[in-house]
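Below is one structure, written out as structure tokens; comments come after it.
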Amino acid sequence: MNFQSKLPDVGTTIFTVMSQLAVDHNAINLGQGFPDFNPDEALLDLVTLAMKEGHNQYPPMAGILALREAISSKVENLYGRRYDAATEITVTSGASEALMASILAFVHQGDEVVIIEPFYDLYIPAIQLAGGRPIIVPMLPPTKQTPQYQVDWQEVRKAITPKTRMLILNFPHNPTGINLKTEDLDALESIVNETGILLLSDEVYEHIVFDGQIHQSLSRREALANNAIVISSFGKTYNATGWKIGYCCAPKWMSSEIRKVHQFMVFTVTSPMQVALAHYMQDPEPYLNLSAFYQQKRDRLFEGLASTRFSPVKSEGTFFLLADYSAISDMPEAEFAKWMTTTHGVGLIPVSAFYRQPTAVESNHRLARFCFAKRDSTLDAAIEKLSRV
């Protein structure tokens with residue numbers, strides 16, 4: 002049989018490789034982005050209760066109404082936009098499914114989709130499966146004068162052509178940890194007004210922002226929200242990444258198209274978790290306090306790294322921070338991350354893994370990504386090992 006892969010360039014992801022390497026060498030895994038602690042016991046008890054009360058069969062395709070109503074209230078309270086729970090909110094099998102369903106719903110054969118680099122690894126394969134063509138716009142990399150990555154919105158605007166269907170955004174940004182500011186929303190609003198482009202906004206770290214900043218959701222601006230699919234994740238918000246439950250908010254006509262794909266990808270999402278989340282969301286404190294919870298961990302890792310030969314960059318959001326290793330090695334990032342895991346017992350992720358050409362010189366800035374969604378004892382043990390590098 003003459004078989005041709007739809008994704009010929011896709012192999013085992015660097016995240017899987019590095020996590021397995023950490024297991025093989027008994028290393029502390031600060032690479033892959035998941036907590037090493039449990040969700041709130043109260044939430045776990047609500048899941049058990051939901052199961053015992055009989056919520057074990059198919060829920061509605063778009064998600065149970067009580068959960069969609071809770072999402073609608075949260076978004077309105079935080080960002081000022083009211084999404085209709087019946088027609089504009091869809092509960093998905095993680096943010097990954099929300100992204101995939103959205104891209105498959107709107108990207109046609111030959112369409113262009115603009116992506117800002119570095120980027121999460123799901124975006125390009127999803128675009129390719131839809132028959133689209135990714136157009137990459139690199140961020141401005143860090144310098145000594147400007148230690149954070151920056152988006153060049155003029156370059157983003159230049160990349161948009163009559164063939165462009167969608168612009169994908171991800172803020173707070175994985176892996177760089179930068180947040181959108183008011184002026185960024187202004188630039189995006191100008192782009193939308195000029196082009197009418199659709200926006201796919203991956204906002205899974207919306208509740209993890211630091212130093213008194215607020216999350217600049219696209220839901221805050223009517224001109225943006227009218228053209229946007231806004232995606233979030235219960236896994237990130239409630240420390241339950243393995244539950245794979247997310248959601249997307251979008252205008253009715255867009256949600257209708259997303260649901261057409263969603264119903265044939267997974268049909269619906271696990272019942273007892275939805276029931277439990279609907280009850281748990283009645284108390285806003287867990288997500289309102291999440292930034293403070295993670296800022297303590299960010300500061301703990303940042304200060305620990307600052308006492309080593311690494312030069313950490315203070316993350317503005319997400320549960321990741323970057324650190325420059327120029328004082329330690331001139332190895333390419335992937336090689337350095339593997340060396341750190343096998344020789345020094347701490348697993349990291351190379352930032353170059355978030356570039357389309359990870360081995361290219363312009364993709365390697367001697368930066369590694371550290372995950373601080375870990376117990377304090379885990380962070381302290383990692384810092385001790387890193388201090389000996």
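Residue numbering for the sequence shown follows this note's numbering, starting at 2 and increasing by one per position.
Where a beta carbon is used, it is the ideal one built from N, C-alpha and C, also for glycine.
In this chain, the alpha helix (DSSP H) harbouring R260 covers 253-266. Contact annotation: V48 and A279 have beta-carbon atoms that are not nearer than 8 Å.
Our two residues, F311 and S94, have alpha carbons roughly 37 Å apart in a direct line.
Exposure of H109 is indicated by the presence of fewer than 16 other C-beta atoms within 10 angstroms of its C-beta. If only uninterrupted beta strand (DSSP E) runs of at least 3 residues are considered, those enclosed by the region 106-146 are 113-118, 134-139.
By the CB criterion at 8 Å, R357 and I161 fall outside the cutoff. In the DSSP assignment, R389 falls outside any beta strand (DSSP E) and carries neither an H nor an E. Sorting T342, V352, M341, D331 by C-alpha distance to the C-alpha of L323 places V352 at the top.
Per DSSP, reduced to three states, the secondary structure at D185 is helical.
Around the beta carbon of T319, 16 or more other beta carbons lie within 10 angstroms, which makes this residue buried. Judged by beta-carbon spacing, V210 lies beyond the 8 Å limit of N171, meaning their Cβ atoms are not closer than that value. Apart from the 5 residues on each side of it in sequence, R299 sits with its Cβ closer than 8 Å to the Cβ of F211, K315, S316, F320, L322, F373 in its chain, given in chain order. Shortest Cα-Cα distance from Q283 to any of R69, P40, F35, T17 involves R69. Following the DSSP letters along the chain, one finds I230 inside the beta strand (DSSP E) bounded by residues 229-234. Taking 8 Å as the cut-off, the beta carbon of M19 is found no closer than this to the beta carbon of Q264. For Y248, no alpha helix (DSSP H) encloses it; the enclosing beta strand (DSSP E) starts and ends at 247-250. Pairing Q296 with A71, the inter-Cα distance amounts to about 26 Å. Straight-line spacing of the CA atoms in C249 and K261 works out to 14 Å. Using a 10 angstroms sphere on the CB of A241, the tally of other CB atoms reaches 16 or more, which defines it as buried.
Annotation for D203: the continuous beta strand (DSSP E) segment containing it runs 199-203. In terms of Cβ geometry, R370 and L349 form a close pair [threshold 8 Å].
Following the DSSP letters along the chain, one finds N175 in no alpha helix (DSSP H), marked with neither H nor E.
Boundaries of the alpha helix (DSSP H) around F303: 291-307. S312 sits in a strand when the DSSP states are folded into three classes. DSSP places L168 in the strand class (E or B) of the three-state scheme. Per DSSP, the continuous beta strand (DSSP E) segment holding V92 begins and ends at 90-93. The beta-carbon distance between F107 and E258, rounded to whole angstroms, is 7 Å. This is short enough to meet the 8 Å contact definition. When secondary structure is reduced to three states using DSSP, N78 falls in the helix class.
The criterion of a C-beta distance shorter than 8 Å is not satisfied by K375 and P40. DSSP, reduced to helix, strand and coil, places P351 within a strand of the structure shown. Counting only runs of 3+ residues, the beta strand (DSSP E) found wholly inside the region 318-352 occupies 321-325, in chain order. Using a 10 angstroms sphere on the CB of P163, the tally of other CB atoms stays under 16, which defines it as exposed.
Under the criterion of beta carbons closer than 8 Å, M255 and I230 qualify as touching, at roughly 6 Å.
Rounded to the nearest whole angstrom, the C-alpha separation of Y206 and A251 is 18 Å. A distance below 6 Å between beta-carbons, with the five flanking residues on each side excluded, links L22 to the following residues of its chain, in chain order: T342. A87 sits in coil when the DSSP states are folded into three classes, being neither helix nor strand.
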